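Undergrad:
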Amino acid sequence: MAQQLLRKVITLQRKKRLLPENTSLLVAFSGGMDSVALTLALIELKDFFKLKRLALAHINHGIREESDRDEEFAVEFAKRKGLEIFVERLKIKKMAQESKENLEALARELRYKALRSIKDREGFDLIATAHHLNDLVETIILWLVRGSGLEGLTGFDEKLEDLVRPLYWVTKEEIRAFVLSRKESWVEDSTNYDIRYARNRIRHRVVPELKHINPHLEASFLRLRNILKEENAFIHQQTLMALEKCVEGQALRRKELKSLHPAIQRRLLSIWLGIKDFRKIEQALCLIDKGGSIYLGEGKVLKSEGAYLYLQRTEC
Numbered sequence: 215m216a217q218q219l220l221r222k223v224i225t226l227q228r229k230k231r232l233l234p235e236n237t238s239l240l241v242a243f244s245g246g247m248d249s250v251a252l253t254l255a256l257i258e259l260k261d262f263f264k265l266k267r268l269a270l271a272h273i274n275h276g277i278r279e280e281s282d283r284d285e286e287f288a289v290e291f292a293k294r295k296g297l298e299i300f301v302e303r304l305k306i307k308k309m310a311q312e313s314k315e316n317l318e319a320l321a322r323e324l325r326y327k328a329l330r331s332i333k334d335r336e337g338f339d340l341i342a343t344a345h346h347l348n349d350l351v352e353t354i355i356l357w358l359v360r361g362s363g364l365e366g367l368t369g370f371d372e373k374l375e376d377l378v379r380p381l382y383w384v385t386k387e388e389i390r391a392f393v394l395s396r397k398e399s400w401v402e403d404s405t406n407y408d409i410r411y412a413r414n415r416i417r418h419r420v421v422p423e424l425k426h427i428n429p430h431l432e433a434s435f436l437r438l439r440n441i442l443k444e445e446n447a448f449i450h451q452q453t454l455m456a457l458e459k460c461v462e463g464q465a466l467r468r469k470e471l472k473s474l475h476p477a478i479q480r481r482l483l484s485i486w487l488g489i490k491d492f493r494k495i496e497q498a499l500c501l502i503d504k505g506g507s508i509y510l511g512e513g514k515v516l517k518s519e520g521a522y523l524y525l526q527r528t529e530c
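Under our numbering, the residue at position 211 of the sequence shown is numbered 425, and the numbers go up by one with no gaps.
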């Protein structure tokens, strides 16, 4: 099973071409098992990928008591492997208190901002993260229980803009086997076992139960994701074609909107209005038939009068 990880990483690269030749790659390295596995795999496959440069980036959020320990581990690991490492320290708690934002969401946002800052400053082409197949399963379940639409149920991609995920097809079990086979250590994030967090509850309670029903759960979810991805792309394409027919200047023609399937109507309004809020979109759908207006927030009102739907600014 240990070698399965390398085989899957190689196959993914051959099929999806995540990394062009001569890429300068920055690895998001927390010191956890996943990022250790990713780094070890990239070191072993450096010639296969024809990497120009490989380095680590460690973001110290300063949230947990173990944060400094994790940083020390990351620096020592990089030293042992002969890799450059760039460390950024953030004051997430203070910023969350000042902004009153969700701590977890803010940490994620600032982590990616810091990674991109390092990438641009130090001249890297791409950032590699250690997201794997189990992460995809958890993400799909999380969006499912939140009532997401088709787009949310596709999870996340192998590559998005400047982010690549070489472990996308690899399971957590395969990651563990690989790291143990290389006799490497890693650091544990104590919050990963706190089931007050929704993702942890899914990981430790929901997924094990589902695997009793289907031992090949990860492979099934990957297949589901690929099917939904294709169907989502088709619906999106149809929506863009419909949007062209409905738009007139800065407005939408109600007659053309009425002729569309509700699934296309919903997505068309989401794209045109630039919003994801399901309730607002459903309210907007009602305006197609009955007319009237709704407040969308940020000083914007959607109005339905005569033959058109249009946006209007308001002081309210």
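All C-beta atoms in this analysis are idealised placements derived from N, C-alpha and C, irrespective of residue type, glycine included. Keep in mind that this is a model prediction, so the values were computed, not measured.
Apart from the five residues on each side of it in sequence, which residues of its chain come closer than 7 Å, Cβ to Cβ, to L367?
TA: Within the sequence shown, residue 367 is the residue found at index 153, counting from 1. So the qualifying residues of the chain are I354, W357, L358 and L442.
Undergrad: Considering only residues of the same chain and omitting the five flanking positions on each side of L364, which have a CB-CB separation below 8 Å?
TA: Walking along the sequence shown from the start, residue 364 turns up at place 150. Correct list, in chain order: L442, E445, N446 and I449.
Undergrad: Is it true that the segment 287 to 294 meets the segment 238 to 248, where meeting means three or more beta-carbon pairs spaced less than 8 Å apart?
TA: Yes: at least three Cβ pairs fall under 8 Å.
Undergrad: Please identify the residue among E398, N440, G511 and L436 whose C-alpha is closest to the C-alpha of L487.
TA: Taking the first residue of the sequence shown as position 1, residue 487 is located at position 273. Closest option to L487, Cα to Cα, is G511.
Undergrad: Can you grab the Cα-Cα spacing for the pair R335 / K386, in whole Å?
TA: As a working mapping, residue 335 is identified with position 121 in the sequence shown. As a working mapping, residue 386 is identified with position 172 in the sequence shown. Looking at the two C-alpha atoms, the distance is approximately 32 Å.
Undergrad: Where does Q526 fall in DSSP's three states?
TA: Looking up residue 526 in the sequence shown gives position 312. Residue state, collapsed to three classes: strand.
Undergrad: What residues match up with L516 in a beta bridge as DSSP calls it?
TA: As a first step, residue 516 is located in the sequence shown; it is residue number 302 there, counting from the start. DSSP lists I508 and L525 as partners of L516.
Undergrad: Hey, out of E235, R221, K230 and L254, whose CA is closest to K397's CA?
TA: Taking the first residue of the sequence shown as position 1, residue 397 is located at position 183. Checked all of E235, R221, K230 and L254; the closest Cα to K397 is L254.
Undergrad: Here's the rule I'm using: 16 or more other beta-carbon atoms within 10 Å means buried, otherwise exposed. How should I252 be labelled?
TA: The sequence position of residue 252 within the sequence shown is 38, counting from 1. Checking the sequence, you will find Leu at residue 252 rather than Ile. Buried.
Undergrad: Check the DSSP bridge columns for S238 and list the partner residues they point to.
TA: For this step, residue 238 is matched to residue 24 along the sequence shown. R267, per the DSSP bridge assignment.
Undergrad: Write down the C-beta distance between L424 and L347 rounded to the nearest angstrom, noting that I regard them as a contact closer than 8 Å.
TA: One-based indexing of the sequence shown puts residue 424 at position 210. One-based indexing of the sequence shown puts residue 347 at position 133. Not quite, the Cβ-Cβ distance comes to about 14 Å (not below 8 Å), so this is no contact.
Undergrad: Alpha carbon to alpha carbon, what distance is there between E302 and E496?
TA: What you label residue 496 is simply residue 282 of the sequence shown in a count that begins at 1. What you label residue 302 is simply residue 88 of the sequence shown in a count that begins at 1. Their backbone Cα atoms lie some 43 Å apart in a straight line.
Undergrad: Would you check if there are 3 or more beta carbon pairs closer than 8 Å linking the segment 216 to 236 to the segment 317 to 330?
TA: No: the two stretches stay apart, fewer than three of their Cβ pairs being nearer than 8 Å.
Undergrad: Answer with buried or exposed for N428, where buried requires no fewer than 16 other C-beta atoms within 10 angstroms of its C-beta.
TA: What you label residue 428 is simply residue 214 of the sequence shown in a count that begins at 1. Under this definition N428 is an exposed residue.
Undergrad: Thinking C-beta only, is I489 closer than 8 Å to L457?
TA: What you label residue 457 is simply residue 243 of the sequence shown in a count that begins at 1. What you label residue 489 is simply residue 275 of the sequence shown in a count that begins at 1. It is not a contact, given that the beta carbons lie outside the stated cut-off.
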